[in-house]
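These notes are about the structure you will find just below.
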Amino acid sequence: ANAALVNGTAGHAFEFDDMHKESILHPGSIAIPVLFALAEQIGNVSGKALLTAMVAGYEVGTRVGNAASIQLFFDGFHPQGTSGVFVGAAAAGRMLDLNNDQMLDCLGIAGSQAGGLMAAQEGAMVKRFHSGKAAQSGVYSALLAQNGLTGISNALEAGYGGYLSTYSSSPKPERLLSGLGDVWEAEQVGFKPYACVTSIHSSLDALLTIMSTHHLKPKDIAAINVGLSPMTYTHCAWEYKVQGVTAAQMNLYFNLASVAFDGMLFVDQYSESKLADPKLLAFMKKIYAYIDEDIEAMGVAYRHASKVKVTTTAGMKFEQTILDRRGSPENPLSKADIQFKFKNVVIGILSNKRIDEVIELVDRLETLSDVNQLMSLLAPSV
Numbered sequence: 004a005n006a007a008l009v010n011g012t013a014g015h016a017f018e019f020d021d022m023h024k025e026s027i028l029h030p031g032s033i034a035i036p037v038l039f040a041l042a043e044q045i046g047n048v049s050g051k052a053l054l055t056a057m058v059a060g061y062e063v064g065t066r067v068g069n070a071a072s073i074q075l076f077f078d079g080f081h082p083q084g085t086s087g088v089f090v091g092a093a094a095a096g097r098m099l100d101l102n103n104d105q106m107l108d109c110l111g112i113a114g115s116q117a118g119g120l121m122a123a124q125e126g127a128m129v130k131r132f133h134s135g136k137a138a139q140s141g142v143y144s145a146l147l148a149q150n151g152l153t154g155i156s157n158a159l160e161a162g163y164g165g166y167l168s169t170y171s172s173s174p175k176p177e178r179l180l181s182g183l184g185d186v187w188e189a190e191q192v193g194f195k196p197y198a199c200v201t202s203i204h205s206s207l208d209a210l211l212t213i214m215s216t217h218h219l220k221p222k223d224i225a226a227i228n229v230g231l232s233p234m235t236y237t238h239c240a241w242e243y244k245v246q247g248v249t250a251a252q253m254n255l256y257f258n259l260a261s262v263a264f265d266g267m268l269f270v271d272q273y274s275e276s277k278l279a280d281p282k283l284l285a286f287m288k289k290i291y292a293y294i295d296e297d298i299e300a301m302g303v304a305y306r307h308a309s310k311v312k313v314t315t316t317a318g319m320k321f322e323q324t325i326l327d328r329r330g331s332p333e334n335p336l337s338k339a340d341i342q343f344k345f346k347n348v349v350i351g352i353l354s355n356k357r358i359d360e361v362i363e364l365v366d367r368l369e370t371l372s373d374v375n376q377l378m379s380l381l382a383p384s385v
């Protein structure tokens, strides 16, 4: 459980984990730490068993998030720490091969451990901890259920004190089961090319497209108008203050300014010296964000869409609208892009030889008779 806590926190620590748009969940940084911790303890776990448990976590957790709806976020809760516990619990329960009654208890125990406040995005380090705590709670829930502790049998749908009725003022309980067995929510998970909040990736893509197409430098830009969905505006378009890495990664203005100068957002862009860089602070004053009526009318499915208008110092105006961010299921990254990201995340931690070996094993994960070889590469002995 403590390994899941540490690795789940680390997995969400740099805003680089995967993303499921409707549930607003990053299931990978919860499920994978849970599965690797349990696989290490159980021993002789096949790649197919690991992937099956991973999908179980993704499917159950994201469906709970879908049912809680975007209103859970607007009500002030962080989905990663709230709906995320069901990702961890379902993944852990499947890995331990719980029977039906035990799995019901497992999920019922998990619901009582849900927690996480969205105010954490404005300066606190604890946002990352929400992911680790959800992973740890998943392990606790499965182990306790396996040992006979009972959970709330109707934890999701209870009218008083149930998950949906308590954490969302406008839940959609029908989303729990809609399309079950035909629609796989795990296929709706995308990856991040930028180390920041997913909601603004389309804005970043739009600005970079305009700058590259018209050969603009930051000094050539007089103003940037950014049209957003109501959710993204609330989530990211608040006044930037130097409050640490988390606040920078969650803020529209900082990230647009940073990408305008560097053309990318990886690790170096969030160094302490960059967070209060005078040229970035000055550039942010050129940016105006607003709720775009056209994007709002498209509904929550397009909450990541963006309309960017750039006015140059010479008076020229350019506009770029992006409905589906790069890295989303609708506009996916290539396998080469994902491998490039992985290599650049772990460079300096793993040797080039180990990196290549990890990629090769992941490529054939479902055929592995034992995932221990992969885990040993990712966690060399100290």
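Just add 3 to the spot in the sequence shown (first one is 1) and you have our numbering. Think of the CB as a built atom: it goes at the ideal place given N, C-alpha and C, for glycine as much as any other residue. For clarity, every value in this text was computed on a predicted model and none was experimentally measured.
A straight-line Cα-Cα distance of about 31 Å links Asp100 and Tyr163. Contact annotation: Val90 and Ile33 have beta-carbon atoms nearer than 8 Å.
By the CB criterion at 8 Å, Ala95 and Gly46 fall outside the cutoff. By alpha-carbon distance to Val129, the top candidate from Leu326, Tyr143, Val248, Ala4 is Val248.
The Cβ atoms of Ala292 and Leu268 lie no closer than 8 Å to each other. Annotated three-state conformation of Ala127 is coil, per DSSP. Distance check between His133 and each of His218, His29, Tyr61, Leu219 places His29 closest, using alpha-carbon atoms only.
Thr370 and Gly50 do touch by the CB rule: their CB atoms are close to 6 Å apart, below 8 Å. If the five residues before and after Pro176 are omitted, its C-beta is found closer than 7 Å to the C-beta atoms of Ala70, Glu160, Leu167, all from its own chain and listed in chain order. A straight-line Cα-Cα distance of about 16 Å links Leu180 and Val58. Taking a cut-off of 8 Å for Cβ pairs, the stretch 319 to 329 and the stretch 199 to 211 touch, as three or more such pairs fall below it. Taking one beta carbon from each stretch, the stretch 337 to 348 and the stretch 209 to 219 have fewer than 3 pairs nearer than 8 Å; the two do not touch. Residue state for Thr85 is assigned as coil, using DSSP reduced to three classes.
The residue among Ala16, Met22, Ala42 with its C-alpha nearest the C-alpha of Phe194 is Met22. Straight through space, the alpha carbons of Gln116 and Lys289 are spaced by roughly 43 Å. Residue nearest to Glu322 within the set Ser274, Ala285, Ala226, Tyr305 is Ala226 (criterion: CA-CA distance).
Beta bridge pairing from DSSP links Glu322 with Lys312. With respect to the 8 Å criterion, Val200 and Glu333 are not classified as neighbours on the basis of their beta carbons. Residue pairing by DSSP puts Gly230 in a beta bridge opposite Tyr293, Lys310. Within the same chain, Tyr291, Lys312 come within 6 Å of Asn228 by CB-CB distance, once the 5 residues on both sides are set aside.
Nearest to Asn10 by alpha-carbon distance, out of Leu41, Glu190, Glu275, Gly266, is Leu41. Put simply, the backbone Cα of Ala189 is about 24 Å away from that of Asn375. The residue among Val361, Trp187, Ala198, Thr316 with its C-alpha nearest the C-alpha of Ser379 is Val361. Within the DSSP bridge table, the entry for His23 names Leu28, Val192 as partners. Secondary structure note for Lys356: its alpha helix (DSSP H) is the uninterrupted segment 355 to 366. CA-CA distance, Asp373 to Phe39, rounds to 12 Å.
For Leu284, DSSP records no beta bridge to any residue.
The shortest CA-to-CA distance from Leu231 to any of Gly87, Asp295, Arg97, Gly14 is the one to Asp295.
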